[in-house]
């Protein structure tokens, strides 16, 4: 709903400015109209030229292009896209006429050609914009059309939008604001119909490969492999093993992408999207997995996790084995499962996503305090050493708000927001959390003294669901935590620095994960 509102906002703003006679826009309209009338009166041959152009780029030409593309897509069995195109073209035709009759704005007084009807909005500009936007959505979805060919189609299409719009202004049959309103109406139409058909405007639709193309040639699927070279020990052996496992299952040579110290996987995931990968394998720690999953949200590209880090929490919770050979086999022979991601933000933190857990307080202090060399030597047990050092971590006053309920005041050691529930050693921190239930699970841990930690541990290990002064659990779709002082924070095992706030909201079904088949 928010996206629909934002899509309609430019049209709403322009319309309000036009009919409230906003000074700068009105002066611009009148100034351009006067210059167009003066130039046309002195250059009649140019008026004739623009008339010819206008006869070519009429709205029905743009609608005819949409119908032709729709027929082509229907023949290729892309029925949903076909219906979307026809609905979009129909919405453009109907809404343009409705807007014209609602606002009945007179045309400029010094038109260079005869033209009936009302001025706002420009039908030529709206139809051309909708045509260009519609092609921009469907072209990436057509298998076999290379990016270069798409560019050759889109550049002239964009040029048509400018030419059709300039023609209306040059012939002085529309004001500049009529054209801008037409573009904005086209954007609103495309946004609304795209969301209605689940196309998610602004996101690339993944190319669906089939074993055989229209010429009868085998088209093997292709995977992208994103690797954190620090986490993967023998890179050469790993590469050889993964390439062989993919080849055995009919995949083309994979696209290999290594993370960098300054980029844990975001640019690499975008590269995988641009190359229209059919599967993305990510080998690294929880931080690398989180960044890659966040970048691949809503793209429909399956993500397979190859555990190579200290915690490997997402892999554990998706029941992916920690052994490389076993993990490769189970993932490549697995099934696609749609799971949730969590959008998160806070002070001094850009909006981000996590797949496992976020925390504020003691758990983040433990993660921050685990020495890197120790994690490399003894794995996740390094966190036990850090926990012992931070056992006396001070409690902090926080305010917790779930959904639209009244805020709750608590004094806590730590608050953890989870999309999944199991920690290392199968510790059920959030026993009811499921990665695909559309809910956030929250645990508040608040022992007053060090001697009460054994009680907390017992509550956690026995999956006690009752609330008491030591452990409380909640669920919701969004949660906001505000601390009285700066405290450490973490996302999926990566420290993100101290701060006072952490807000999270579930994104149900945002990621397609490749997981082992049920047994």
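In the working numbering, the protein residues as written are 2 to 520.
Every residue gets a Cβ at the ideal spot worked out from N, C-alpha and C, and that includes glycine.
A quick note: this is a predicted structure, and the numbers were derived from the prediction, not measured.
Exercise. For residue 392, which of 407, 458, 404 and 351 has the nearest alpha-carbon?
Worked result: Measuring from the Cα of residue 392, the nearest candidate turns out to be 458.
Exercise. Given residue 38, which residues of its chain have a CB within under 6 angstroms of its CB, disregarding the five upstream and five downstream residues?
Worked result: So the list reads 111 and 173, once near-sequence residues are dropped.
For this session: Following the continuous alpha helix (DSSP H) through residue 179, name the residue where it begins and the one where it ends.
Result: 177-197 is the extent of the alpha helix (DSSP H) around residue 179.
Problem set entry | Exposure of residue 20, with buried meaning 16 or more beta-carbon neighbours within 10 Å | Exposed: under 16 other Cβ atoms inside 10 Å.
For this session: Tell me whether the beta-carbon of residue 418 lies closer than 8 angstroms to the beta-carbon of residue 505.
Result: Residue 505 sits close to residue 418, with the two beta carbons spaced by under 8 angstroms.
Problem set entry | DSSP beta-bridge partners of residue 479 | Answer by DSSP bridge pairing, in chain order: 506.
Exercise. Between which two residues does the beta strand (DSSP E) harbouring residue 1 extend?
Worked result: Coverage of the chain is limited to positions 2 through 520, which leaves residue 1 absent and any answer about it impossible.
For this session: Classify residue 486 as helix, strand or coil using the three-state DSSP reduction.
Result: Look at residue 486 here: in three-state DSSP terms it is strand.
Problem set entry | Start and end residues, beta strand (DSSP E) containing residue 442 | Bounds of the beta strand (DSSP E) holding residue 442 are 441-446.
Exercise. Between the beta-carbon of residue 302 and the beta-carbon of residue 329, is there less than 8 angstroms?
Worked result: Against a cut-off of 8 angstroms, the Cβ pair of residue 329 and residue 302 comes out as no contact.
Problem set entry | Of the residues 265, 118 and 86, the one placed nearest residue 100, counting alpha carbons only | Sorting 265, 118 and 86 by C-alpha distance to the C-alpha of residue 100 places 118 at the top.
Exercise. Of the choices 480, 500, 481 and 482, whose alpha-carbon is the least far from that of residue 489?
Worked result: Restricting attention to 480, 500, 481 and 482, the CA atom closest to the CA of residue 489 is found in 500.
Problem set entry | residue 419, enclosing beta strand (DSSP E) - first and last residue | Annotation for residue 419: the continuous beta strand (DSSP E) segment containing it runs 415-419.
Exercise. Taking Cβ positions, are residue 359 and residue 461 nearer each other than 8 angstroms?
Worked result: Going by beta carbons, residue 359 and residue 461 fall outside the 8 angstroms limit.
Problem set entry | Assigned secondary structure, residue 115 (DSSP; H/G/I helix, E/B strand, else coil) | The answer is coil: DSSP assigns residue 115 none of H, G, I, E or B.
For this session: Look at the alpha carbon of residue 294 and the alpha carbon of residue 304, and state the distance between them as a whole number of angstroms.
Result: The straight-line gap from Cα to Cα measures roughly 7 angstroms.
Exercise. Between the C-alpha atoms of residue 208 and residue 278, what's the straight-line distance to the nearest angstrom?
Worked result: Residue confidence is low: residue 208 scores 42 on pLDDT, short of 50, so the model does not pin down where it sits. No coordinate-derived value is stated.
Exercise. Where does residue 125 sit, in a helix, a strand or coil, going by DSSP?
Worked result: Helix at residue 125.
For this session: List the endpoints of the continuous beta strand (DSSP E) containing residue 351.
Result: Taken as a continuous stretch (DSSP letters only), the beta strand (DSSP E) holding residue 351 covers 350-355.
Exercise. Hey, residue 521 and residue 338 are a contact pair by Cβ (cut 8 angstroms); roughly how many whole angstroms apart?
Worked result: Outside the displayed range of the chain (2 to 520) lies residue 521, so it cannot be described from this structure.
Problem set entry | For residue 24, three-class secondary structure by DSSP | It is helical.
Problem set entry | Endpoints, the alpha helix (DSSP H) within which residue 470 is located | From DSSP, residue 470 is part of no alpha helix (DSSP H); its letter is neither H nor E.
For this session: Check residue 401 in the structure and name its three-state DSSP category.
Result: Residue state, collapsed to three classes: strand.
Problem set entry | residue 288 - containing alpha helix (DSSP H), residue span | Where residue 288 is concerned, the enclosing alpha helix (DSSP H) stretches over 287-296.
For this session: From the DSSP output, in three-state form, read off residue 15 for me.
Result: Residue state, collapsed to three classes: helix.
Exercise. How do the stretch 284-298 and the stretch 397-408 stand: do at least 3 beta-carbon pairs fall below 8 angstroms, yes or no?
Worked result: No, the stretch 284-298 is not in contact with the stretch 397-408.
Exercise. Under three-state DSSP, which class holds residue 262?
Worked result: In the displayed model, residue 262 falls within coil according to three-state DSSP, outside both helix and strand.
For this session: Starting from the C-beta of residue 155, find all residues in its chain whose C-beta is less than 8 angstroms away, skip the five residues before and the five after it, and write them out in chain order.
Result: Apart from the 5 residues on each side of it in sequence, residue 155 sits with its Cβ closer than 8 angstroms to the Cβ of 133, 136, 137 and 140 in its chain, given in chain order.
Exercise. Comparing the CB of residue 51 with every heavy atom of the ligand GDP, is any distance shorter than 7 angstroms?
Worked result: With respect to small molecules bound, the structure shown includes none, and the ligand GDP cannot be examined in it.
Problem set entry | Rounded Cβ spacing between residue 177 and residue 29 (contact assumed at less than 8 angstroms) | For residue 177 against residue 29, the beta-carbon gap comes to about 6 angstroms, under 8 angstroms, which counts as contact.
Problem set entry | DSSP-derived helix/strand/coil call for residue 422 | In the structure shown, residue 422 sits in coil (DSSP, three-state: anything other than H, G, I, E or B).
Problem set entry | Unbroken stretches of the alpha helix (DSSP H), 4 residues or longer, contained in the stretch 36-61 | Taking only runs of at least 4 residues, the alpha helix (DSSP H) segments lying wholly in the stretch 36-61 are 45-57.
Exercise. Is the beta carbon of residue 400 less than 8 angstroms from the beta carbon of residue 508?
Worked result: It is not a contact, given that the beta carbons lie outside the stated cut-off.
Problem set entry | Spatial distance of residue 58 from residue 82 (CA atoms) | Straight-line spacing of the CA atoms in residue 58 and residue 82 works out to 24 angstroms.
For this session: Have a look at residue 181 and residue 43 and give me their C-alpha separation to the nearest angstrom.
Result: Approximately 27 angstroms between the Cα atoms of the pair.
Exercise. Relative to the alpha-carbon of residue 128, which residue among 87, 103, 61 and 68 has its alpha-carbon at the smallest distance?
Worked result: Ranking the options by Cα distance to residue 128, first place goes to 61.
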